[in-house]
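Below you'll find the structure, written out as structure tokens, and then a few comments.
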Amino acid sequence: MSQSTPPRSAVDLHMHSLHSDGSMLVEDLVARVVERGVRLMALTDHDNTAGITTAATEAERLGIDFIPGVEISSEWSGIGIHIVGLGIDIQNPELQMGLERIMEFRDWRAAEISRLLDNAGIPGAEAGARKLAGSRMVGRTHFARWLKDSGYCRDNGEAFQRWLGRGQMAYVPSDWIPMRDAISWIRLAGGVAVVAHPGRYKLSAERLRELFVEFRDAGGGAIEVSSGSQAAADREHLAKLARQLNLAASLGSDFHGPEIGHAELGQLAPLPVGVQPVWECLGHSFPLSPVH
């Protein structure tokens, strides 16, 4: 494989559909996964599992392996931390009650953002954002897209700078659940908890290690070593920490859609040698080397 050829992986354990802030229907997403040469996938929509049954059915029909997942919005030491759950039982009542708690907050936040925008002379934001979302899960990115599409700004970045970002007139602080709760729900549902894209949290090396130690001690099982939404240079350092702390390693593109700015499905550098792949903890066996 030449240096100019993007790396590709047969495993991708972090992606989103229209049931959260992705842009693709579940059926179309799974078809794209197959086209990209991915043979083991996990659907990890934010704070809900509404797409899992359809994704599992489509994956089986198209002949690839599937792991049910979710990405839970949580908080550690005042910082928003996303925890991916892999291999979960989506019927587990503790998990579903916890996810409903988060979704109720999201519903309230959407209404509050809309109220603040209305006060600023921008009416109809919640209805517009919900129409774009296509599901119950409405996030700030949906509001940003609606503001752009409605001509109030040039792009999503300007939407956050003018209205939705911290300190702006329509900013509503997050009130996520403690990280320990997210880990507990995932474990009660029979899954493995994974710190998503740790390179994105802008923590010092010392603080990142503190996060991982507390995560591990609370029952967390793996960290995302190779991610489409963090710098490739983070991979070796994260792998070293995974080995030192006896945590497994995961990888995922964090794909949201072909027009949205994260990596393409399966566009991932392989896990470094010496780490335990998280999919082995879940009973799957796939090569560490990239596909061609």
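Just so we're aligned, residue -9 is where the sequence shown starts under my numbering, counting upward by one. We put the CB at the ideal spot given by N, CA and C, even for glycine.
- The C-beta of threonine 43 has fewer than 16 other C-beta atoms within 10 Å across all chains shown, which makes the residue exposed.
- Around the beta-carbon of methionine 87, fewer than 16 other beta-carbon atoms lie within 10 Å, marking it exposed.
- Straight across, the Cα-Cα distance linking alanine 40 with alanine 229 is about 32 Å.
- A check of alpha carbon separations from serine 64 across Arg51, Leu89, Glu84 and Gln81 identifies Leu89 as the nearest.
- Contact check between the region 166 to 184 and the region 137 to 149: fewer than three CB pairs, one atom from each, fall below 8 Å, which does not count as touching.
- Of all alpha-carbon atoms in Asp37, His6, Asp55 and His4, the one lying nearest the alpha-carbon of valine 24 is that of Asp55.
- Its chain contains Ile42, Ile78 and Ile80 as the residues whose beta carbon lies nearer than 6 Å to that of proline 58, once the 5 sequence neighbours on both sides are disregarded; these appear in chain order.
- Counting only residues of its own chain and dropping the five nearest sequence neighbours on each side, valine 16 has a CB closer than 8 Å to the CB of Ser7, Leu8, His9, Leu33, Gly41, Thr44, Ala45 and Glu48.
- Secondary structure note for leucine 106: it is in no beta strand (DSSP E), and the uninterrupted alpha helix (DSSP H) holding it is 83 to 109.
- The Cβ atoms of arginine 130 and leucine 122 lie no closer than 7 Å to each other.
- Fewer than three Cβ pairs drawn from the region 98 to 108 and the region 189 to 205 lie within less than 8 Å of each other, which leaves the two stretches out of contact.
- With fewer than three CB-CB distances shorter than 8 Å, the region 204 to 213 does not count as touching the region 254 to 263.
- Bridge partners of tryptophan 175 according to DSSP: none are assigned.
- The DSSP-derived three-state label of histidine 187 is coil.
- Where histidine 9 is concerned, there is no enclosing beta strand (DSSP E), because DSSP gives it neither an H nor an E.
- Approximately 15 Å separates the beta-carbon atoms of alanine 221 and glycine 242; this is outside 8 Å, ruling out the contact.
- For glutamate 61 against aspartate 35, the beta-carbon gap comes to about 7 Å, under 8 Å, which counts as contact.
- Within the region 44 to 88, the runs of beta strand (DSSP E) that reach at least 3 residues and sit entirely inside it are, in chain order, 55 to 66 and 69 to 76.
- As far as DSSP is concerned, leucine 201 takes part in no beta bridge.
- Nearest in C-alpha terms to arginine 22, of all of Glu270, Ala259, Pro248 and Leu272, is Pro248.
- Looking only at His72, Arg197, Leu76 and Val20, the smallest Cα-Cα distance to arginine 51 is reached by Val20.
- A direct Cα-Cα distance of roughly 10 Å separates proline 163 from glutamate 102.
- In this structure asparagine 236 is exposed. Its beta-carbon is surrounded by fewer than 16 other beta-carbon atoms within 10 angstroms.
- The criterion of a C-beta distance shorter than 7 Å is not satisfied by methionine 169 and isoleucine 92.
- DSSP lists Ser217 as the beta-bridge partner residues of glycine 242.
- Put simply, the backbone Cα of alanine 117 is about 13 Å away from that of arginine 99.
- In this model, glycine 124 and leucine 193 are separated by some 34 Å (Cα to Cα).
- Note that the C-beta distance between serine 216 and histidine 187 is not below 7 Å.
- Annotated three-state conformation of methionine 159 is coil, per DSSP.
- If you draw a straight line from the Cα of leucine 261 to the Cα of isoleucine 112, it comes to about 46 Å.
- Residue environment analysis places proline 83 among the exposed positions, since fewer than 16 neighbouring C-beta atoms fall within 10 angstroms of its C-beta.
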